[in-house]
Amino acid sequence: MLRLATRISLALTCSVTLLAASLISQVPTPESVIGWKPGADYKLADYDQISGYFRQLDAATDRMQLFEIGTTAEGRTMLLAAISSAQNLTQLDRWKDISRRMAQAEGLSETEARALAKEGKAIVWIDGGLHGTEVAGAQHTPLLAHHLVTSEDDEVRQIRDNTVVLLMPVMNPDGLDIVANWYRSNVGSEFETAPLPVLYNKYVGHDNNRDWFMIQQPETRAIAYQLWFEWFPQIVYNHHQTGPFPGRIFVPPFSDPVNPNIPPLVVRGINLVGAAMAKRFDEEGKPGVSSYVQYSMWWNGGMRTAPYFHNQIGILTETHLYSLATPHYYEPDSLPQNLGPRRGATVSAKQPSIFYPNPWQGGWWRLGDAVDYMFTGSMAVADIGAELKEDWLFNMYRMASQARTRGTEEKPFAYVIPYDQWDATAAAELVGVLRRGGVELHRSTASFTAGGSSYAPGSYIAFTAQPFRAHLVDLMEPQNYPDRRVYPGGPPDRPYDLAGWTLPLQMGVRVDRVDEPFEAAAARVEELTVAAGAGEVSGDGPVYLLSPNHNASARAVLRLLARGTRVSQATEGFTAAGTAWPAGTFLARASAGRLRELATEFGLQFVGADNPSVTAFELESPRVGLYKSWVANMDEGWTRWILEDYGVEFETLADADIRTGQLDRFDAIVLPDQEAEEILGGHVVGTMPPEYTGGVGAEGTANLKRFVEQGGTLITFDHASDFAIDQFGLPVRNAVRGVPEQEFFVPGSLIRIEVDAEDPIAYGMQPEAAASFQNSQAFSVIAPAAAGDRSAPREVDVVVRYAEHDLLMSGWELGAERHIGGRPAVVRVPLGQGSVVLIGFRPQFRGQPRGTFKLIFNAILSAAAQQQLPTTEEEEGEGR
Numbered sequence: 001m002l003r004l005a006t007r008i009s010l011a012l013t014c015s016v017t018l019l020a021a022s023l024i025s026q027v028p029t030p031e032s033v034i035g036w037k038p039g040a041d042y043k044l045a046d047y048d049q050i051s052g053y054f055r056q057l058d059a060a061t062d063r064m065q066l067f068e069i070g071t072t073a074e075g076r077t078m079l080l081a082a083i084s085s086a087q088n089l090t091q092l093d094r095w096k097d098i099s100r101r102m103a104q105a106e107g108l109s110e111t112e113a114r115a116l117a118k119e120g121k122a123i124v125w126i127d128g129g130l131h132g133t134e135v136a137g138a139q140h141t142p143l144l145a146h147h148l149v150t151s152e153d154d155e156v157r158q159i160r161d162n163t164v165v166l167l168m169p170v171m172n173p174d175g176l177d178i179v180a181n182w183y184r185s186n187v188g189s190e191f192e193t194a195p196l197p198v199l200y201n202k203y204v205g206h207d208n209n210r211d212w213f214m215i216q217q218p219e220t221r222a223i224a225y226q227l228w229f230e231w232f233p234q235i236v237y238n239h240h241q242t243g244p245f246p247g248r249i250f251v252p253p254f255s256d257p258v259n260p261n262i263p264p265l266v267v268r269g270i271n272l273v274g275a276a277m278a279k280r281f282d283e284e285g286k287p288g289v290s291s292y293v294q295y296s297m298w299w300n301g302g303m304r305t306a307p308y309f310h311n312q313i314g315i316l317t318e319t320h321l322y323s324l325a326t327p328h329y330y331e332p333d334s335l336p337q338n339l340g341p342r343r344g345a346t347v348s349a350k351q352p353s354i355f356y357p358n359p360w361q362g363g364w365w366r367l368g369d370a371v372d373y374m375f376t377g378s379m380a381v382a383d384i385g386a387e388l389k390e391d392w393l394f395n396m397y398r399m400a401s402q403a404r405t406r407g408t409e410e411k412p413f414a415y416v417i418p419y420d421q422w423d424a425t426a427a428a429e430l431v432g433v434l435r436r437g438g439v440e441l442h443r444s445t446a447s448f449t450a451g452g453s454s455y456a457p458g459s460y461i462a463f464t465a466q467p468f469r470a471h472l473v474d475l476m477e478p479q480n481y482p483d484r485r486v487y488p489g490g491p492p493d494r495p496y497d498l499a500g501w502t503l504p505l506q507m508g509v510r511v512d513r514v515d516e517p518f519e520a521a522a523a524r525v526e527e528l529t530v531a532a533g534a535g536e537v538s539g540d541g542p543v544y545l546l547s548p549n550h551n552a553s554a555r556a557v558l559r560l561l562a563r564g565t566r567v568s569q570a571t572e573g574f575t576a577a578g579t580a581w582p583a584g585t586f587l588a589r590a591s592a593g594r595l596r597e598l599a600t601e602f603g604l605q606f607v608g609a610d611n612p613s614v615t616a617f618e619l620e621s622p623r624v625g626l627y628k629s630w631v632a633n634m635d636e637g638w639t640r641w642i643l644e645d646y647g648v649e650f651e652t653l654a655d656a657d658i659r660t661g662q663l664d665r666f667d668a669i670v671l672p673d674q675e676a677e678e679i680l681g682g683h684v685v686g687t688m689p690p691e692y693t694g695g696v697g698a699e700g701t702a703n704l705k706r707f708v709e710q711g712g713t714l715i716t717f718d719h720a721s722d723f724a725i726d727q728f729g730l731p732v733r734n735a736v737r738g739v740p741e742q743e744f745f746v747p748g749s750l751i752r753i754e755v756d757a758e759d760p761i762a763y764g765m766q767p768e769a770a771a772s773f774q775n776s777q778a779f780s781v782i783a784p785a786a787a788g789d790r791s792a793p794r795e796v797d798v799v800v801r802y803a804e805h806d807l808l809m810s811g812w813e814l815g816a817e818r819h820i821g822g823r824p825a826v827v828r829v830p831l832g833q834g835s836v837v838l839i840g841f842r843p844q845f846r847g848q849p850r851g852t853f854k855l856i857f858n859a860i861l862s863a864a865a866q867q868q869l870p871t872t873e874e875e876e877g878e879g880r
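Letter by letter, the sequence shown follows residues 1 to 880 in the numbering used here.
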């Protein structure tokens, strides 16, 4: 009987095995759908091919579920795959609920958490990378998915049993297609490895990895929701492909400094995962693995760094890339001696060392090699995610619980965003930023007192006793980046990305830190976007007044002008409707009904008044040109995004458009931040297809100058100011050009500026603000500019100055007071009948500094302003 039972058991086992093998044989391979094995020389699969494969794989197996999680800027559907055992996938809601409860640690005891960690499945995020030109990531995900779904080896079985692998095939579908189409159009030609002439994302290009605390772009919003509202993965692995040469791949540990807000268990977890990855590479005979160089753990805002502040293990690897899918041979003797800086020293590229023990010796490097390295990295992360699944789950609970405790025992206790704000729309946007990052917020339902101050109903409260306390505190408090040098007394050791980014400072929002406990009647905020307020139209016309303090006022005014409504702007302060109004106040002649629509949409207050006795400029819809170089420029993309978002109608101007002239159809032309030589010269002839070479050149420069002399306004951001200064012979100089870094260095920090709000370029701004300074500009005025008719001198107007003292608001600076203290930061330089507005920093940097957006809108609106007129004229109606 026992023998019979054994035979039956063996027969059943064999039948199940044969059935599984039969089912696996029906699962399509990537090459059977795409047409080649991803990673093949000279071939790039595009988004339709990769997403098409994932859809077929989803239909063929019960070990994967595919979700549509959002839409890209260009309308492509974003996909996320959940891979696990068939049994696990029937209980996804349970695993998500456990992960959420562990991440939030709300009402959960340690005993309950340990039981959930034992029951639950580790959620491990792996993606195909963000950057369109880093192509191997997207090519490796079909191979990884197929392996995780079909393999029956012990490792993969354990991964399926103990984890849910969230595999995002392509994080930047638009960029992948842009790059694939460009490469395909040039493969086999002399321009096969030519750089892309446009951004590999509709607006932000490489900065799609710089949007992870603001969360503004549609792709970032879709993914952030999955990370901090839907799945709460314990490990987040983000692939990249620009490693320190000649290494083949960078893996953690990262380099110093470590942001003090990051939980120590995050740092330890990252190091543990990195060690497991490095070990696996050497076990598989894959040399060239480096660690502890270049990539630090200071900055919040990247795809792998923002998770740190959410108690998640954020992993970045940088696999080497030569050029898309074209193979390249590296002569061993041509390799450099050193891998890269580490604590002011160097890492030998030839000799083994602690963090580079197996140097790569040169030879062929293909796209397939990069794909293979990424595959190994992904398997290492999935494996350790499965091996230590209880640890990952419980430690996420532990960190969240510790954060809640710290919020009650340590300072600060809370941050209050008062209801009354200079710019209510900026305050509402700050609330939205925090909410999209998973921060818990409350809105007061009654007046309350905290820290000795009284607050009105509708004020927002962020108590720090919450799981993502690290994220909240990091965004609210000033950063103090350590003074680090390449060697003692030497040049600064440049930070990886930003040194300071404090949101209330750069957004111009009042946020009060409260250290002592208090009580307030408040309701939890559930929405991810909040309104600026209940907009209102009060009083009777014929003129309706609108404060210039709100960024949203520009949206409303541009909408009114586009509809033909008469709008003017006061050039001085005045009193009307029982209220004092500042210079820059908008005066609209429109029906209350039309204004009520805008008031409701933008949360604005329109106040009716009799015609006030004040001098004003008549505004018209501005005709704007935005320069777009073929040297792809992220600052142009961010500028384009902001102009579109605020309703500024504009025309994109390429180099050829400027060279051919006909610029008199514009009131204003904007040159985003870009090096002067790139604007002037562009791509060198012979390095790109001819239509993408050359910049504006001498002819375009002459046309731009003529445009200004004939009455136009040229607006330049940051380094583009050098182009106008040098080429037009303006009577100002860049005061910090050529100053050695040992003497002057301000890398990605917030610098205090003082504003002349009586100047039309600065209407509505606060007297003091923060400039987002990225090794930017300061000016020296050397002589007055002559008027176009030479009849009288016209002075250069200084609109904004850097503060004389106490310049650093957040980040790091060397020599700022000496070199830029008190110097002009924004100037208007007359030239003929027009003017050049030089803005020495980026007023729209990455779409973040709401406190300086008005410099852009005001410069554009004033460019189209007509002669002064008294506002007591007879009413002419709403249209023209």
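Glycine is no exception: its CB is placed at the ideal position from the N, C-alpha and C atoms. As the structure is a prediction and not an experimental result, all values here were calculated from the model.
Please go through the same chain and pick out, in chain order, the residues whose beta-carbon is closer than 7 Å to the beta-carbon of residue i, but skip the five residues on each side of it.
{"i": "R665", "result": "R623"}
{"i": "S749", "result": "A499, G500, F773, L808, S810, G811, W812 and E813"}
{"i": "P244", "result": "F250, S290, V293, Q294, L339 and G340"}
{"i": "T852", "result": "A769, A771 and P843"}
{"i": "R443", "result": "G458, Y460, A522, A523 and V525"}
{"i": "E134", "result": "H240, Q241, T242 and L321"}
Return helix, strand or coil for residue i, following the three-state DSSP convention.
{"i": "R563", "result": "coil"}
{"i": "W298", "result": "coil"}
{"i": "N549", "result": "coil"}
{"i": "I223", "result": "helix"}
{"i": "E442", "result": "Per the sequence shown, residue 442 should be read as His rather than Glu. Correct three-state label for H442: strand."}
{"i": "W364", "result": "strand"}
{"i": "V187", "result": "coil"}
{"i": "E754", "result": "strand"}
{"i": "P830", "result": "strand"}
{"i": "Q866", "result": "coil"}
{"i": "P824", "result": "strand"}
{"i": "T61", "result": "coil"}
{"i": "D888", "result": "Lying before the first or after the last residue shown, residue 888 is absent from the chain, which here runs from 1 to 880."}
{"i": "A386", "result": "helix"}
{"i": "F744", "result": "coil"}
{"i": "A668", "result": "strand"}
Identify which residue in the options has its Cα closest to the Cα of residue i.
{"i": "Y692", "options": "W182, W422, G490 and A380", "result": "W182"}
{"i": "G647", "options": "I262, R589 and A552", "result": "A552"}
{"i": "P246", "options": "R221, L167, F213 and A349", "result": "A349"}
{"i": "A534", "options": "L595, E601, H471 and W360", "result": "E601"}
{"i": "A676", "options": "E644, F728 and G712", "result": "F728"}
{"i": "I860", "options": "T639, E804 and Q777", "result": "T639"}
{"i": "V124", "options": "L587, Q234, T319 and A414", "result": "Q234"}
{"i": "T29", "options": "L44, D46 and Y53", "result": "Y53"}
By Cβ distance, which residues of its chain are closer than 8 Å to residue i, with the 5 residues on each side in sequence left out?
{"i": "V371", "result": "P38, G39, A136, Q139, H140 and L143"}
{"i": "F67", "result": "L79, L80, A81 and A82"}
{"i": "I679", "result": "Y627, S629, L671, G695, V696, A720 and F723"}
{"i": "A785", "result": "Residue placement at A785 is poorly supported in this model, since its pLDDT is 43, which falls under 50; the coordinates are not used for a value here."}
Can you list, in chain order, the residues of its chain whose CB lies under 6 Å from that of residue i, leaving out five sequence neighbours each side?
{"i": "F857", "result": "A554"}
{"i": "F744", "result": "V736, G815 and H819"}
For my contact list, residue i and residue j are in at a C-beta cut-off of 8 Å; report their separation, rounded to the angstrom.
{"i": "G288", "j": "W360", "result": "3 Å"}
{"i": "S780", "j": "R752", "result": "Contact doesn't hold; Cβ gap of about 19 Å is too wide."}
{"i": "G764", "j": "P548", "result": "3 Å"}
{"i": "A863", "j": "D667", "result": "4 Å"}
Cβ of residue i within 7 Å of any heavy atom in the ligand ZN?
{"i": "S810", "result": "By its list of ligands, the structure shown contains no ligand whatsoever, and the ligand ZN lies outside what it can speak to."}
Where in the stretch 466 to 522 do unbroken runs of the beta strand (DSSP E), each at least 3 residues long, occur, reported from the N-terminal end onward? As far as the stretch 466 to 522 is concerned, its whole beta strand (DSSP E) runs of at least 3 residues are 512 to 514.
In the stretch 192 to 280, which residue ranges form an unbroken alpha helix (DSSP H) of at least 4 residues, counting only runs that do not cross its ends? 218 to 225, all fully within the stretch 192 to 280.
Curious, which full-length beta strand (DSSP E) runs of at least 3 residues does the stretch 28 to 111 contain? Taking only runs of at least 3 residues, the beta strand (DSSP E) segments lying wholly in the stretch 28 to 111 are 64 to 71 and 77 to 83.
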